Amino acid sequence: MRENKRILITSYYFEPEITPRAFRTTELVKEFLKRGYTVDLYIPNTEEKDKINLENCNMHYINSRKKISSKIMSSNEKLKKSKRNIIFRLLKKVTDHLTGGTNYLVYGYNLYKELLNSNSKNYNLIISIGLPGHVHFATAKFLAKIKPNCIRVCDYGDPFFYNPAEKHIFYFKYIEKWATKQFNYISIPTVKSIEYYTEYKNKDEIKIIPQGFNFSNIKLDNYTPSNIPNFCYAGYFYENIRNPKFFLDFLDTLTIDYRFTVYTSMKAGFSRDICLAYKEKLGDKLILKDFIPREELIKKMSKMDFLVNFDNFNSNQVPSKIIDYTLSKRPILNINQGNFKEDTFNEFINKDYSNSLKINVEDYDIKTIVNKFEALTEIKKH
């Protein structure tokens, strides 16, 4: 237990949202609280989000346009809405390109104002959790204004300006460069991503701090081999770096029976559109499900014959879902468009899992992760 320790954490995601950044924020907050810290947490205020009470955590809900909804429109409803709002959608697309996302911009502006209005400026550690990059921009502007005497970390999952999955207008490179200078360190989940950040920080200022989870809540089902091959994927798809088309086309050529279950976002977007397109081809062999809570998902995955991970093609990012896959204790078929081999897939179908992806899951224990953040505060003393 540590006395008089105070931490500021800014983020755009928190429980009960089902995203890697929500997991990141939630797990960090809860572990710091367990260690006796007082946490000032800044997250969006949304109608759908239940207000959460955590002892010694000061929740600051920031005004934003953010909405969390699991409602799925039918194809006809979507088409009618699209026709009615086509001009608005085009204008929004241009505005989003110029601002990096209008909702993110609104949140960043209000976050900065609320940070300035806060009473406490005496922190032992400040962690800004992106994406979106606007969280870093707003927090950096606050830091430049008050110049706190503590360790300041901007934490990334995926890169912002140099993210191969999406393109940002040129001036965001300079905004991001200025913002990262207001922090002592950049923290990233994998050493493979360092090259995206060396323009902003020296390598000794880029710290590898993976996604962290509390493993104590994980419950698994008893696995029973299926008569029909039963495999699963959980996560988003991206057209440029995580496109499943090559695999779905391959599945369409198979004459064997199987069930491929996909847990993904069934709201409008690339993930939903490509899944629905192949649902027409694959029929009952492709089972589509919306995202479910993390612990529930891991339990569902533990009943599968094996899991499929679409490695980010031509990218150095590592999906955090690999941790959940490993916790499910099921074999992992790790593929992308460049390395996919039919022979390896057939091995998995025939229950030969010798080529399963393996990681040391203990590296992702939230206790280990918080130890790494605490160690940064010790560096300053020397």
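When we follow our numbering, the leftmost residue of the sequence shown carries the number 262, and every step to the right adds one.
Heads up, the beta-carbon is just placed ideally off N, CA and C, and yes, glycines get one too.
As the structure is a prediction and not an experimental result, all values here were calculated from the model.
| Item | Value |
| --- | --- |
| Taking only the alpha-carbon atoms, compute the straight-line gap between alanine 401 and phenylalanine 444 and give it to the nearest angstrom. | 7 angstroms |
| Mapping the DSSP letters down to three states, classify lysine 602 as helix, strand or coil. | coil |
| Is it the case that the region 480-498 contacts the region 553-568, given that we only count it when at least three CB pairs across the two stretches are under 8 angstroms? | yes |
| Rank Ile323, Glu276, Phe293, Glu292 by C-alpha distance to the C-alpha of isoleucine 313 and give the top, closest one. | Glu276 |
| In whole angstroms, what separates the C-alpha of glutamate 556 from that of lysine 590? | 13 angstroms |
| How would you label lysine 542, buried or exposed, when you count the other beta carbons within 10 angstroms and need 16 or more for buried? | exposed |
| Distance check for leucine 637 and glycine 496, CA to CA, integer angstroms please. | 31 angstroms |
| Measure the C-alpha to C-alpha separation of lysine 341 and valine 355 and round it to an integer number of angstroms. | Here the model assigns lysine 341 a pLDDT of 49, short of 50, so the residue's position is not dependable and the matter cannot be decided. |
| If you reduce the DSSP assignment to three classes, tell me which class aspartate 626 lands in. | strand |
| If you follow the beta strand (DSSP E) that histidine 244 is part of, which residue opens it and which one closes it? | Within the shown structure, residues of the chain are numbered from 262 to 643, placing residue 244 beyond reach of any answer. |
| At the level of alpha carbons, what is the spacing between tyrosine 273 and isoleucine 559? | 24 angstroms |
| Write down the C-beta distance between threonine 271 and valine 396 rounded to the nearest angstrom, noting that I regard them as a contact closer than 8 angstroms. | 5 angstroms |
| Excluding sequence positions up to five away, which residues of its chain have a Cβ less than 7 angstroms from the Cβ of tyrosine 539? | Leu509, Leu547 |
| Flag this pair as touching only if the region 376-390 and the region 409-417 have three or more C-beta atom pairs under 8 angstroms; answer yes or no. | yes |
| When we look at the beta-carbon of valine 452 and count the other beta-carbons within 10 Å, is it buried (16 or more) or exposed? | exposed |
| With DSSP collapsed to three states, give me the class of phenylalanine 567. | strand |
| Relative to the alpha-carbon of valine 523, which residue among Ile535, Lys628, Leu366 has its alpha-carbon at the smallest distance? | Ile535 |
| Within 8 angstroms, do at least three Cβ pairs link the region 281-295 to the region 628-635? | yes |
| Could you give the distance in angstroms between the alpha-carbon of threonine 525 and the alpha-carbon of phenylalanine 552? | 5 angstroms |
| Assign serine 532 to buried or exposed, taking buried as 16 or more other Cβ atoms, counted over all protein chains shown, within 10 Å of its Cβ. | buried |
| Which same chain residues end up closer than 6 angstroms to tyrosine 499 when comparing Cβ atoms and leaving out the 5 residues on each side of it in sequence? | Ala426 |
| Strictly by DSSP, which residues pair up with threonine 587? | Answer by DSSP bridge pairing: none, since threonine 587 is not bridged. |
| Between the region 461-468 and the region 432-448, can you find at least three pairs of beta-carbon atoms closer than 8 angstroms? | yes |
| Assuming threonine 516 is part of the beta strand (DSSP E), what are its boundary residues? | First-last for threonine 516: undefined, no H or E at that position. |
| May I ask which residues mark the beginning and end of the beta strand (DSSP E) holding cysteine 411? | That residue, cysteine 411, is in no beta strand (DSSP E); it is neither H nor E in DSSP. |
| Between which two residues does the beta strand (DSSP E) harbouring threonine 299 extend? | 299-306 |
| By a C-beta neighbour count over all protein chains shown, 10 Å radius and 16 as the cutoff for buried, is phenylalanine 474 buried or exposed? | buried |
| DSSP on aspartate 572, reduced to helix/strand/coil? | coil |
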